[in-house]
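Presented below is the structure to which this report refers.
Number of protein chains: 2
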Amino acid sequence: MTQRIYVGVDLGGTSIKVGLCDEQGKLIQTYEGPTGTEHGPDFVLDRIVEYVHRIVDESPYEWEQVAGIGAGIAGFMDIPTGFVELSPNLGWRNVAVKKTLEEKLGKTVKIDNDANVAALGEAWGGAGRGIPNLVCYTLGTGVGGGIIINGKIYQGFNGMAGELGHMSVVPDIEAIACNCGQSGCLETVSSATGIVRMANDAKERGDRTSLALIEKITAKDVFDAAKSGDEVAVRIVNRAAYYIGKSMAAVAVTVNPQRFIIGGGVSKAGEILFNPIRETFRKLTPERAYTGVEIVPATLGNDAGVVGAAGLNLH
Amino acid sequence: MTQRIYVGVDLGGTSIKVGLCDEQGKLIQTYEGPTGTEHGPDFVLDRIVEYVHRIVDESPYEWEQVAGIGAGIAGFMDIPTGFVELSPNLGWRNVAVKKTLEEKLGKTVKIDNDANVAALGEAWGGAGRGIPNLVCYTLGTGVGGGIIINGKIYQGFNGMAGELGHMSVVPDIEAIACNCGQSGCLETVSSATGIVRMANDAKERGDRTSLALIEKITAKDVFDAAKSGDEVAVRIVNRAAYYIGKSMAAVAVTVNPQRFIIGGGVSKAGEILFNPIRETFRKLTPERAYTGVEIVPATLGNDAGVVGAAGLNLH
């Protein structure tokens with residue numbers, strides 16, 4: 002056998018994306034097709050099998066070179082058995098993903114949740130290349146996280162390691178309820194949802210802001226307004242950034258990563274978001290735990306999921 | 002060769018304690034002798050060599066059965082090379098501990114800092130026995146911590162993993178400066194020093210408390226007063242406990258340990274401290290990250306250091 006290749010599957014509610022990576026985490030090619038969620042788990046798993054075969058057939062590699070297949074799925078799952086307990090966006094309950102795919106593909110299959118897999122993707126083939134210990138944040142509708150220790154996703158006792166969106170960071174007096182049942186979670190202020198909520202609150206309060214003219218405010222609107230100097234928008238962005246930096250300070254004295262990587266839609270805001278994050282992080286972290294530690298944007302974008310899924314079979 | 006044994010050295014400013022452990026982390030015997038810090042590093046290292054030989058000679062084991070020797074030292078050090086960069090309480094700067102001891106003893110020697118070593122001791126032979134992933138807090142003059150992942154101390158990028166005493170947990174408005182250069186660190190409120198400071202503040206403010214009658218208040222005085230129902234003391238204890246619980250909530254969504262172990266002098270206060278810690282932890286942690294997670298007292302007391310030092314050679 003010559004070079005090994007790895008196949009990653011990013012299983013979304015609308016489309017399934019598959020990707021082929023080499024041993025260095027370089028993404029060679031991708032293929033995307035519909036999920037067909039409405040036809041149920043068996044149909045979806047058959048689509049995965051079809052797309053995986055298709056991408057390998059269309060590549061310069063042989064099926065024999067496939068060293069493993071991985072899949073990232075949103076939901077709760079038992080990683081060792083590869084059993085999806087609940088995936089709300091797929092409408093799945095108790096689906097034996099690993100077992101079924103291994104039978105149909107004749108290859109080792111590993112699964113993990115989407116946030117962890119995106120973190121591994123960035124660690125292996127993106128902004129964390131060559132760094133063994135790092136922590137990823139994914140800022141989207143919610144706030145996801147992933148802890149990479151010695152190049153591997155760290156799960157913790159029951160898979161809750163890296164659930165950074167649910168770190169309690171907002172003081173009680175300003176805390177609002179989170180979907181997780183607690184209040185004051187990072188996700189309530191630093192996700193796109195949290196940013197939009199703060200903007201709507203400002204609008205309702207009658208704050209002087211250009212955002213008041215927008216009917217349906219998005220997180221991007223808030224960043225654009227902040228870049229134009231809108232003070233209310235700047236305050237909202239700084240608040241979202243402050244709590245990310247504060248949570249990173251707590252992470253730094255817990256696992257002391259060499260690098261923090263921030264991905265997800267919100268991270269596209271750029272320096273207007275990254276600068277106050279870095280400032281807060283330095284302010285709240287002991288010198289030895291921030292010296293040499295970088296906070297950088299993710300580089301793989303939407304490909305992080307397939308690259309990380311492919312990487313599940315590295316170890 | 003029959004059973005392997007491990008020797009641990011707890012190097013303190015006043016005395017050196019050595020201990021002999023079996024492969025299961027059971028402490029078989031200990032020996033303690035003066036450090037002689039005033040005579041300089043060479044003298045101290047010779048004492049270690051002497052005490053290590055003595056404890057093995059006096060045991061039922063042969064020197065050949067010693068599989069490794071470990072030492073826990075307070076200070077900053079480079080773990081892989083076993084080089085102590087700075088140990089304020091020993092007055093050491095740039096001492097090649099590992100190299101010197103290996104030459105004199107003819108055995109593998111590993112060193113680590115005292116808080117990490119105490120955590121490993123509890124993990125291997127104490128309150129964490131059989132639990133691969135756990136987090137230890139040591140509440141003394143300061144607040145130390147240790148992260149145990151897969152049975153090993155986790156160091157992080159530059160040894161700052163588990164520096165939980167320097168997690169920024171106190172809101173800015175109430176934060177006071179910490180020795181580390183930041184402010185609002187856990188250590189400023191939840192160490193013996195922090196508890197005594199809060200008691201002295203209450204006394205100076207003229208709060209109605211039995212502590213006002215004590216000239217030189219200790220942390221034990223505060224706990225005793227709290228147990229007797231002194232409301233000011235109860236408030237101080239609850240505040241110290243609250244911030245430990247809050248920091249544990251942050252740790253839980255970062256490394257999701259199965260168990261938290263609390264040791265050090267302050268932990269002897271018992272349930273009056275542990276109950277509010279557990280309450281805050283549950284209040285600020287998502288259900289999946291606290292379900293099945295225990296917060297328990299350390300069991301090895303002052304022996305945690307020698308047991309953990311012995312355990313440095315396990316992996």
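Note that the protein sequences, when read in sequence, are chains Z and L.
Mapped onto our numbering, the consecutive letters of the first sequence carry residue numbers 2 to 316.
Mapped onto our numbering, the consecutive letters of the second sequence carry residue numbers 2 to 316.
For glycine and all other residues, C-beta sits at the position ideal for the given N, C-alpha and C.
Computed from a prediction, not measured in an experiment: that's the story for all the values here.
In or out: Gly92 (chain Z) buried (at least 16 other Cβ within 10 Å) or exposed? Against the first sequence, residue 92 (chain Z) aligns to sequence position 91. Exposed, by the Cβ-count rule.
Partner residues on chain Z for Pro277 (chain L), Cβ-Cβ distance less than 8 Å: Counting from 1 along the second sequence, the entry for residue 277 (chain L) is found at position 276. Those do not exist, as Pro277 (chain L) stays about 15 Å from chain Z at its closest Cβ, beyond 8 Å.
Output yes if chain L places a C-beta closer than 9 Å to the C-beta of Gly293 (chain Z); else output no. One-based indexing of the first sequence puts residue 293 (chain Z) at position 292. With 9 Å as the cut-off, Gly293 (chain Z) counts as an interface residue toward chain L.
What did DSSP end up calling Leu315 (chain L) once you bin it into helix, strand or coil? The residue given as residue 315 (chain L) occupies position 314 in the second sequence. Three-state DSSP puts Leu315 (chain L) in coil, outside helix and strand.
Can you pull the chain Z neighbours of Ala169 (chain L), defined as C-beta to C-beta under 8 Å? Taking the second sequence and counting its residues from 1, the one referred to as residue 169 (chain L) is at position 168. Looking at the sequence itself, residue 169 (chain L) is Ser, so the reference to Ala does not match. Within 8 Å Cβ-Cβ: Lys247, Ala250, Ala251, Leu285 and Thr286.
On the DSSP bridge assignment, give the partners of Asn325 (chain L) in chain order. With chain L covering only 2 through 316, there is no way to say anything about residue 325 (chain L).
Give the residues of chain L in contact with Cys181 (chain Z), contact being defined as C-beta atoms less than 7 Å apart. Sequence index remark: in the first sequence, residue 181 (chain Z) carries index 180 (1-based). Within chain L, the residues near Cys181 (chain Z) are Pro287.
Taking a contact to mean a Cβ-Cβ separation below 9 Å, would you say Ala310 (chain L) touches Asp113 (chain L) in this structure? Along the second sequence, read from residue 1 onward, the residue named residue 310 (chain L) stands at position 309. Along the second sequence, read from residue 1 onward, the residue named residue 113 (chain L) stands at position 112. Yes, the Cβ-Cβ distance between Ala310 (chain L) and Asp113 (chain L) is below 9 Å.
Suppose you measure from the CA of Met249 (chain Z) to the CA of Lys221 (chain L); what does that come to, to the nearest Å? As a first step, residue 249 (chain Z) must be located in the first sequence, where it is residue number 248. As a first step, residue 221 (chain L) must be located in the second sequence, where it is residue number 220. So the alpha carbons of these two residues sit roughly 34 Å apart.
Determine whether the beta carbon atoms of Ser192 (chain L) and Gly163 (chain L) lie at a separation below 9 Å. Residue 192 (chain L) sits at position 191 when you count from the first residue of the second sequence. Residue 163 (chain L) sits at position 162 when you count from the first residue of the second sequence. No.
I think Val1 (chain Z) touches Leu301 (chain Z), with their Cβ atoms under 8 Å apart; what is that distance to the nearest whole Å? A query on residue 1 (chain Z) cannot be resolved here, the shown segment of chain Z reaching from 2 to 316 and no further.
C-beta atoms of Gly264 (chain Z) and Leu140 (chain Z) nearer than 9 Å: Counting from one through the first sequence, the residue named residue 264 (chain Z) turns up at place 263. Counting from one through the first sequence, the residue named residue 140 (chain Z) turns up at place 139. The answer is yes: Cβ separation under 9 Å.
Excluding the five sequence neighbours on either side, which residues of its own chain have a C-beta within less than 7 Å of the C-beta of Gln183 (chain L), listed in chain order? Here the question's residue 183 (chain L) lines up with position 182 in the second sequence. Only His167 and Ser169 meet the Cβ criterion.
Tell me Lys153 (chain L)'s beta-bridge partners as DSSP assigns them. Taking the first residue of the second sequence as 1, we reach residue 153 (chain L) at position 152. DSSP output for Lys153 (chain L) lists L:Ile150 as bridge partner(s).
Rounded distance between the beta-carbons of Pro298 (chain Z) and Tyr243 (chain Z), thought under 8 Å: Indexing the first sequence from 1 puts residue 243 (chain Z) at position 242. Indexing the first sequence from 1 puts residue 298 (chain Z) at position 297. Not confirmed; about 18 Å, so no contact.
Can you list the residues of chain Z that Pro172 (chain L) reaches, using a CB-CB cut of under 8 Å? Taking the second sequence and counting its residues from 1, the one referred to as residue 172 (chain L) is at position 171. Result: Pro172.
Residues in the same chain with beta-carbon distance under 7 Å from Phe282 (chain Z), minus the five sequence neighbours each way, listed in chain order, please. Numbered from 1 along the first sequence, position 281 holds the residue referred to as residue 282 (chain Z). If we look at Phe282 (chain Z) and ignore the five residues flanking it on each side, its Cβ neighbours are Gly246, Met249, Ala250, Tyr291 and Ile296.
Measuring alpha carbon to alpha carbon, tell me which residue in Z:Ala213, Z:Val267, Z:Thr255 and Z:Ala270 is nearest Arg289 (chain Z). Translated into the one-based positions of the first sequence, residue 289 (chain Z) becomes position 288. It is Z:Thr255 whose Cα lies nearest to the Cα of Arg289 (chain Z).
Could you tell me the distance, in whole angstroms, from the CA atom of Glu103 (chain L) to the CA atom of Ala203 (chain L)? The count along the second sequence starts at 1 and reaches residue 103 (chain L) at position 102. The count along the second sequence starts at 1 and reaches residue 203 (chain L) at position 202. Spanning the two alpha carbons is a distance of roughly 52 Å.
Ignoring anything shorter than 4 residues, give me the alpha helix (DSSP H) runs that lie fully in the stretch 163-248 of chain Z, in order along the chain. 188-191, 193-206 and 220-228
Please report the straight-line C-alpha distance between Asn90 (chain L) and Gly230 (chain L), rounded to a whole angstrom. Here residue 90 (chain L) corresponds to residue number 89 of the second sequence, with the count starting at 1. Here residue 230 (chain L) corresponds to residue number 229 of the second sequence, with the count starting at 1. When rounded, the distance between both Cα atoms is 38 Å.
Under a three-way DSSP split, which group does Gly20 (chain Z) fall into? Residue numbering aside, residue 20 (chain Z) sits at position 19 when the first sequence is read from its first letter. Note: Gly20 (chain Z) maps to strand in three-state DSSP.
Secondary structure at Glu1 (chain L), three-state DSSP: helix, strand or coil? Residue 1 (chain L) is absent from the structure shown; chain L starts at 2 and stops at 316.
Taking all protein chains shown into account, do 16 or more other C-beta atoms lie within 10 angstroms of the C-beta of Asp58 (chain L), making it buried, or fewer, making it exposed? Here the question's residue 58 (chain L) lines up with position 57 in the second sequence. Classification for Asp58 (chain L): exposed.
Considering only the alpha carbon of each residue, which of Z:Ile237, Z:Thr194 and Z:Thr189 lies closest to Leu212 (chain Z)? As a position in the first sequence, residue 212 (chain Z) is number 211, starting the count at 1. That would be Z:Ile237, whose Cα lies nearest to the Cα of Leu212 (chain Z).
Does the contact criterion of 3 or more C-beta pairs under 8 Å hold for the stretch 134-153 of chain Z versus the stretch 120-130 of chain L? no
Answer yes or no: does any C-beta atom of chain L fall closer than 9 Å to that of Phe158 (chain Z)? For the purposes of this step, residue 158 (chain Z) is taken as the residue at position 157 of the first sequence. Yes, because at least one Cβ of chain L sits closer than 9 Å to the Cβ of Phe158 (chain Z).
On the DSSP letters alone, give me the boundaries of the beta strand (DSSP E) that Asp11 (chain L) sits inside. Locating residue 11 (chain L) in the second sequence gives position 10, counting from the first residue. Start and end: Ile6 to Leu12.
Who are the Cβ neighbours of Ala226 (chain Z) in its own chain at under 6 Å, not counting the five residues just before and after it? For the purposes of this step, residue 226 (chain Z) is taken as the residue at position 225 of the first sequence. Within the same chain, Ala226 (chain Z) has close Cβ partners Ser211, Leu212 and Ala234.
Contact under 9 Å by Cβ, Gly26 (chain Z) with Gly312 (chain Z): Residue numbering aside, residue 26 (chain Z) sits at position 25 when the first sequence is read from its first letter. Residue numbering aside, residue 312 (chain Z) sits at position 311 when the first sequence is read from its first letter. Contact flag set, yes.
Interface residues of chain Z around Val144 (chain L) at Cβ under 7 Å? Sequence index remark: in the second sequence, residue 144 (chain L) carries index 143 (1-based). Ordered by position in chain Z, no residue passes the 7 Å Cβ test against Val144 (chain L), which lies about 11 Å from the chain.
Taking C-beta to C-beta, are Val118 (chain Z) and Gly73 (chain Z) nearer than 9 Å? Locating residue 118 (chain Z) in the first sequence gives position 117, where the first residue counts as 1. Locating residue 73 (chain Z) in the first sequence gives position 72, where the first residue counts as 1. Their beta carbons are under 9 Å apart, which means Val118 (chain Z) touches Gly73 (chain Z) by this criterion.
Expressed to the nearest angstrom, what Euclidean distance is found between the alpha-carbon atoms of Ile196 (chain L) and Asp304 (chain Z)? Stepping through the second sequence from its first residue, residue 196 (chain L) is reached at position 195. Stepping through the first sequence from its first residue, residue 304 (chain Z) is reached at position 303. Looking at the two C-alpha atoms, the distance is approximately 50 Å.
For a quick check, are the C-beta atoms of Arg198 (chain Z) and Glu232 (chain Z) less than 9 Å apart? Start at 1 with the first residue of the first sequence, and residue 198 (chain Z) comes out as number 197. Start at 1 with the first residue of the first sequence, and residue 232 (chain Z) comes out as number 231. Not in contact: Arg198 (chain Z) and Glu232 (chain Z) (Cβ atoms no closer than 9 Å).
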